[in-house]
Amino acid sequence: MTTPITIALTKGRLEKETIRILESLGIDCTEVKDKGRKLILQSQNRDFRFILVKAVDVLTYVEHGVADIGIVGKDVLLENGKDDFEMLDLQFGKCDFCLASVPSYDPESQRRKVIATKYPNVAAHYFRQQGQDVEIIKIEGSVEIAPLLGLADAIVDIVETGETLRENGLVIFDKLAPISARLIVNRTALKKHTQPIFDLIDRLDTYIENRQEADV
Ligand code: PRP
């Protein structure tokens, strides 16, 4: 029996579309869809094993070779400085890293600003490039309330539809980087499972190309 390829999937935001794409490639994801509280799942023919974890843990499992492949947002790769694991832009889960705040925020002000974010490294890099010294406060979620409650002058966060900003009266002052789901691969796994991994990458690549053509 061949060893299954282990794929780490990001729970939540990317989960549904990831499963849809894998299924369209003929990879059985029945167990993933009917997972209940199970966290390690198999495809029917046992060629693939899936683990469902938080985004940053996808990176950890791939980095340590426990998972051969992972599907995770570019935001996580940028924040953790792990771009080198990336093999393919999957072109879904598209959003942007943005600087946002209340409309009265003045990005040109020379006053030392306080920035709230779930992505302190991305924010620090951006303000360093701007030549601005800022104080960064790490927040775990619902970052949009920080400028509303006076914790911070502005936020650096991901914006997808822009609905959360709009509903909370915040506006975008700058776009830092585009984000989408990426396929990441462990280098040792690539040597061990060269053919099935490259086969999967090729199939994903063709799927993305076909979808882009259909969208035009
Ligand atoms: C993300 C992000 C924004 C929101 C943006 O949060 O941090 O809050 O989504 O999406 P939108 O532009 O479509 O409104 P997430 O849903 O991951 O939850 P969190 O705030 O608890 O981290």
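Residue numbering for the sequence shown is 1 to 216, as defined by UniProt numbering. C-beta: ideal position from N, C-alpha, C; glycine also. Here the structure is a predicted model, which is why all the values come from computation and not from measurement.
Start and end residues, alpha helix (DSSP H) containing residue i
| i | result |
| --- | --- |
| residue 127 | 120-129 |
| residue 135 | Taken as a continuous stretch (DSSP letters only), residue 135 belongs to no alpha helix (DSSP H), being part of the beta strand (DSSP E) at 135-138. |
| residue 32 | 30-33 |
| residue 78 | 74-80 |
Among the options, nearest to residue i - alpha-carbon criterion
| i | options | result |
| --- | --- | --- |
| residue 5 | 132, 185, 212 | 185 |
| residue 148 | 163, 101, 173 | 101 |
| residue 85 | 96, 65, 104, 108 | 65 |
| residue 136 | 145, 124, 128 | 124 |
| residue 77 | 213, 188, 209, 179 | 179 |
Per-residue DSSP class, three states only, for residue i
| i | result |
| --- | --- |
| residue 6 | strand |
| residue 85 | helix |
| residue 149 | coil |
| residue 24 | helix |
| residue 161 | coil |
| residue 11 | coil |
7 Å CB neighbourhood of residue i in its chain, flanking five on each side removed
| i | result |
| --- | --- |
| residue 143 | 116, 117, 118, 155, 157 |
| residue 55 | 10, 72, 73, 76 |
CA-to-CA distance, residue j to residue i, given in whole angstroms
| i | j | result |
| --- | --- | --- |
| residue 74 | residue 51 | 19 Å |
| residue 33 | residue 19 | 8 Å |
| residue 31 | residue 203 | 22 Å |
| residue 59 | residue 87 | 13 Å |
| residue 113 | residue 95 | 25 Å |
| residue 192 | residue 14 | 27 Å |
Continuous beta strand (DSSP E) stretch holding residue i: start and end
| i | result |
| --- | --- |
| residue 92 | That residue, residue 92, is in no beta strand (DSSP E); it is neither H nor E in DSSP. |
| residue 49 | 48-53 |
| residue 183 | 181-185 |
| residue 116 | 114-117 |
Other residues of its chain near residue i: CB distance less than 6 Å, five sequence neighbours each side excluded
| i | result |
| --- | --- |
| residue 79 | 119, 121, 122 |
| residue 92 | 17, 181 |
| residue 69 | 7, 185 |
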